[in-house]
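Asks: Right, I'll just put the structure down here and ask away after.
This is the structure:
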């Protein structure tokens with residue numbers, strides 16, 4: 003089902019954040035795989051920031067994604 | 389650290405500031421970057437040399453949105469800056485988002501704080517999960533010394549500690565500008581600003597700055613000693629001369645002039661003079677007055693020689709002023725003498741003290 007617009011914006015913000023900082027693969031993938039990858043990356047970010055690791059895009063996680071920060075990824079090689 | 393523990397192969401690292409943000413004066417950007425680099429050189433053997441042309445290891449620039457590295461910024465807030473780990477080409481380069489408001493205080497994004505973080509990346513540090521660490525990815529303004537144990541452990545794992553066993557300075561107990569008994573060590577003009585030295589700190593006064601800004605001397609001028617006895621500006625050469633003990637330094641802005649420090653006796657002072665208490669250049673006459681104990685000397689800058697007939701008595705030539713001076717400044721025909729917690733405003737034309745104030749009245753106290 004299409005996400006309600008508010009959720010849609012949050013989801014897009016989260017996807018952009020995870021792609022930039024947690025190496026979420028870009029581009030189209032199978033529905034199952036992309037949902038799994040998304041949840042894994044949410045968990046990775048929650049673990050980095052010592053949030054409760056749920057794999058879900060909860061308010062705390064979304065709030066942190068909106069904070070001003072450095073543009074260098076939190077994981078892996080940066081080039 | 390970054391994968392493969394990327395670091396610079398040797399401890400001499402060059403940097404170059406390619407452009408400047410319009411949010412701050414150029415000198416403020418220079419100072420913020422220099423301060424940020426000094427934070428890292430304080431705790432490692434690293435030495436940073438500034439280049440003005442050509443390719444440096446760390447190229448520093450301000451840009452917005454897509455700024456040439458296919459890693460676009462995102463407008464105000466969000467991404468503030470980024471930097472690349474040590475390496476050839478873009479390695480070490482540090483970019484600040486021009487769409488942010490860069491400041492010297494906590495009112496918006498403090499350039500010194502962000503620069504110290506980004507230069508941590510440019511030296512090989514990745515992000516820290518410690519919220520109290522400077523290398524934590526989310527911006528927060530914290531006054532004082534910015535590095536946590538985590539940051540220091542991280543950088544020293546790459547480069548080792550500072551060989552001069554320079555202990556990281558604990559949060560310095562800065563002098564209180566409104567202490568009624570406050571006295572100054574030295575005062576000078578610097579390109580239209582007033583610089584007041586006290587202990588290891590200096591205050592910077594500017595007509596457009598409501599509050600004096602206090603900074604560690606070594607954060608801005610690492611080659612200067614922790615204690616300044618006297619200072620004056622010689623505008624004709626755009627230099628500030630700093631005295632400490634029997635040595636003197638010449639500064640051009642934030643850079644030390646080649647060939648300094650020198651001994652004060654080069655000016656023609658006798659060897660028995662071991663310290664200058666105060667110094668001031670009188671633009672109208674071209675003379676620089678040097679105060680030591682109860683006497684003073686007059687130095688002719690253009691001729692580069694000491695005037696004959698000196699030293700003379702301070703008390704005789706500057707009646708009403710007491711016989712010793714801690715610091716002196718000359719502005720708009722008035723000589724301001726500072727001695728202990730008293731400031732004397734002396735009219736050079738009518739040759740008399742016309743006002744007596746507290747020393748720290750100059751600091752809006």
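Residue numbers (the working numbering), protein chains in the order written: chain A, 3 to 81; chain R, 389 to 753.
Ideal Cβ placement from N, Cα and C applies to all residues, glycine included.
Treat the numbers as computed from the prediction; the structure is a model and nothing was measured.
1. Under the DSSP definition of a beta bridge, which residues are partnered with residue 403 (chain R)?
2. 9 Å is my cut-off, CB to CB: does residue 69 (chain A) come that close to chain R?
3. Looking at the strands, I want to know which residues DSSP matches up with residue 682 (chain R).
4. Using a Cβ-Cβ cut-off of less than 8 Å, list which residues of the stretch 504-529 of chain R approach chain A; keep chain order.
5. For the stretch 438-471 of chain R, enumerate the residues whose C-beta is nearer than 8 Å to any C-beta of chain A, in chain order.
6. Closer than 9 Å between beta carbons: that is the criterion. Which residues of the stretch 46-74 of chain A meet it against chain R?
7. Decide if residue 569 (chain R) is buried, meaning its Cβ has at least 16 other Cβ atoms within 10 Å, or exposed.
8. Using a Cβ cut-off of 9 Å (strictly closer), state whether residue 40 (chain A) contacts chain R.
9. For residue 498 (chain R), which of R:512, R:411 and R:536 has the nearest alpha-carbon?
10. So with Cβ pairs under 9 Å, would you call residue 561 (chain R) a contact of chain A?
11. Tell me the DSSP secondary structure of residue 734 (chain R) in three-state form.
12. Can you find a CB in chain R that lies within less than 9 Å of the CB of residue 76 (chain A)?
13. Could you tell me the alpha carbon to alpha carbon distance between residue 485 (chain R) and residue 567 (chain R), rounded to whole angstroms?
14. Using 9 Å as the threshold, is the C-beta distance between residue 48 (chain A) and residue 57 (chain A) below it?
15. Would you grab the beta carbon distance between residue 711 (chain R) and residue 703 (chain R) for me? Rounded to a whole angstrom, and I think it's under 8 Å.
16. Any idea if residue 768 (chain R) is buried or exposed, counting beta-carbon neighbours within 10 angstroms, 16 or more meaning buried?
17. DSSP on residue 591 (chain R), reduced to helix/strand/coil?
18. Could you give the DSSP three-state label for residue 396 (chain R): helix, strand or coil?
19. Rounding to the nearest angstrom, what Cα-Cα distance links residue 572 (chain R) and residue 429 (chain R) in this structure?
20. From the beta carbon of residue 502 (chain R), is the nearest beta carbon of chain A less than 9 Å away?
21. Taking residue 358 (chain R) and residue 689 (chain R) to be in contact with their CB atoms under 8 Å, please state how far apart those CB atoms are, rounded to whole angstroms.
22. Of all Cβ atoms in chain A, is any one closer than 9 Å to the Cβ of residue 391 (chain R)?
23. Taking the alpha-carbon of residue 578 (chain R) as reference, which of R:669, R:514, R:732 and R:652 has the nearest alpha-carbon?
24. Classify residue 426 (chain R) as helix, strand or coil using the three-state DSSP reduction.
25. Taking residue 622 (chain R) as the reference, which of R:728, R:660 and R:638 has the closest Cα?
26. For a test of the three-state rule: what should DSSP assign to residue 38 (chain A), helix, strand or coil?
27. Provide the residue span of the alpha helix (DSSP H) that contains residue 544 (chain R), from first to last.
28. For a test of the three-state rule: what should DSSP assign to residue 517 (chain R), helix, strand or coil?
29. With distances taken Cα to Cα, identify the nearest neighbour of residue 738 (chain R) among R:506, R:476, R:453 and R:721.
30. Please identify the residue among R:432, R:437, R:447 and R:488 whose C-alpha is closest to the C-alpha of residue 453 (chain R).
31. Any contact between the stretch 473-480 of chain R and the stretch 407-424 of chain R? By contact I mean 3 or more CB pairs, one from each, below 8 Å.
32. Here's the rule: buried if 16 or more other CB atoms are within 10 angstroms of the residue's CB, otherwise exposed. What is residue 748 (chain R)?
33. Let me see if you follow: with CB-CB separation under 9 Å, is residue 485 (chain R) close to chain A or not?
34. Can you say whether residue 640 (chain R) is buried or exposed, counting buried as having 16 or more other CB atoms within 10 angstroms of its CB?
35. Report the residue ranges of all alpha helix (DSSP H) runs contained in full by the stretch 649-721 of chain R; include only those spanning at least 4 residues, in chain order.
Replies: To lay it out plainly:
1. Numbered from its first residue, the second chain carries residue 403 (chain R) at position 15. According to DSSP, residue 403 (chain R) bridges with R:438 and R:446.
2. One-based indexing of the first chain puts residue 69 (chain A) at position 67. With 9 Å as the cut-off, residue 69 (chain A) counts as an interface residue toward chain R.
3. Translated into positions along the second chain, residue 682 (chain R) becomes position 294. Per DSSP, none; premise fails for residue 682 (chain R).
4. 505, 506, 509, 514, 515, 517, 519, 525, 526 and 527
5. 459, 461, 465, 466, 467, 468, 469, 470 and 471
6. 49, 50, 51, 52, 66, 68, 69, 70, 71, 72, 73 and 74
7. On the second chain, position 181 is the one that residue 569 (chain R) refers to. Label assigned to residue 569 (chain R): exposed.
8. On the first chain, residue 40 (chain A) is found 38 positions in, with the first residue counted as 1. It does not; no Cβ of chain R falls within 9 Å.
9. Mapped onto the second chain, residue 498 (chain R) falls at position 110. Comparing Cα positions, the closest option is R:411.
10. Position 173 of the second chain, counted from the first residue, corresponds to residue 561 (chain R). In this prediction, residue 561 (chain R) scores a pLDDT of 47, lower than 50, which makes its location untrustworthy; no coordinate-derived value is stated.
11. Mapped onto the second chain, residue 734 (chain R) falls at position 346. DSSP places residue 734 (chain R) in strand when its eight states are reduced to three.
12. Along the first chain, read from residue 1 onward, the residue named residue 76 (chain A) stands at position 74. Yes, residue 76 (chain A) counts as interfacial toward chain R.
13. In the second chain, residue 485 (chain R) corresponds to position 97, counting from 1. In the second chain, residue 567 (chain R) corresponds to position 179, counting from 1. The alpha-carbon atoms of residue 485 (chain R) and residue 567 (chain R) are separated by roughly 40 Å.
14. For the purposes of this step, residue 48 (chain A) is identified with residue 46 of the first chain, where counting begins at 1. For the purposes of this step, residue 57 (chain A) is identified with residue 55 of the first chain, where counting begins at 1. Yes; because the gap between Cβ atoms is below 9 Å, this pair is in contact.
15. For the purposes of this step, residue 711 (chain R) is identified with residue 323 of the second chain, where counting begins at 1. For the purposes of this step, residue 703 (chain R) is identified with residue 315 of the second chain, where counting begins at 1. Indeed, because the Cβ distance is near 5 Å, the residues count as touching under 8 Å.
16. There is no way to answer for residue 768 (chain R), as the model of chain R reaches only from 389 to 753.
17. On the second chain, residue 591 (chain R) is found 203 positions in, with the first residue counted as 1. Strand.
18. By 1-based counting over the second chain, the position of residue 396 (chain R) is 8. In this structure, residue 396 (chain R) counts as coil in the three-state DSSP scheme.
19. The residue given as residue 572 (chain R) occupies position 184 in the second chain. The residue given as residue 429 (chain R) occupies position 41 in the second chain. If you take the alpha carbons of residue 572 (chain R) and residue 429 (chain R), they lie about 29 Å apart.
20. Start at 1 with the first residue of the second chain, and residue 502 (chain R) comes out as number 114. Cβ-Cβ to chain A under 9 Å: yes for residue 502 (chain R).
21. Only positions 389 to 753 of chain R appear in the structure, and residue 358 (chain R) is not among them; the question remains open.
22. Taking the first residue of the second chain as 1, we reach residue 391 (chain R) at position 3. Answer yes: the Cβ-Cβ gap between residue 391 (chain R) and chain A drops below 9 Å somewhere.
23. The count along the second chain starts at 1 and reaches residue 578 (chain R) at position 190. Residue 578 (chain R) has its Cα closest to that of R:669, out of R:669, R:514, R:732 and R:652.
24. Numbered from its first residue, the second chain carries residue 426 (chain R) at position 38. Residue 426 (chain R) falls in the helix class under three-state DSSP.
25. Working through the second chain from its first residue, we reach residue 622 (chain R) at position 234. Ranking R:728, R:660 and R:638 by Cα distance to residue 622 (chain R) puts R:638 first.
26. Taking the first residue of the first chain as position 1, residue 38 (chain A) is located at position 36. Correct three-state label for residue 38 (chain A): helix.
27. The sequence position of residue 544 (chain R) within the second chain is 156, counting from 1. 537-547 is the extent of the alpha helix (DSSP H) around residue 544 (chain R).
28. Numbered from its first residue, the second chain carries residue 517 (chain R) at position 129. Coil.
29. Locating residue 738 (chain R) in the second chain gives position 350, counting from the first residue. With distances taken between Cα atoms, residue 738 (chain R) lies closest to R:721.
30. Along the second chain, read from residue 1 onward, the residue named residue 453 (chain R) stands at position 65. When only C-alpha atoms are compared, the closest one is R:488.
31. no
32. On the second chain, residue 748 (chain R) is found 360 positions in, with the first residue counted as 1. Flag for residue 748 (chain R) reads buried.
33. As a first step, residue 485 (chain R) must be located in the second chain, where it is residue number 97. Residue 485 (chain R) counts as touching chain A.
34. The sequence position of residue 640 (chain R) within the second chain is 252, counting from 1. Result: exposed.
35. 702-705
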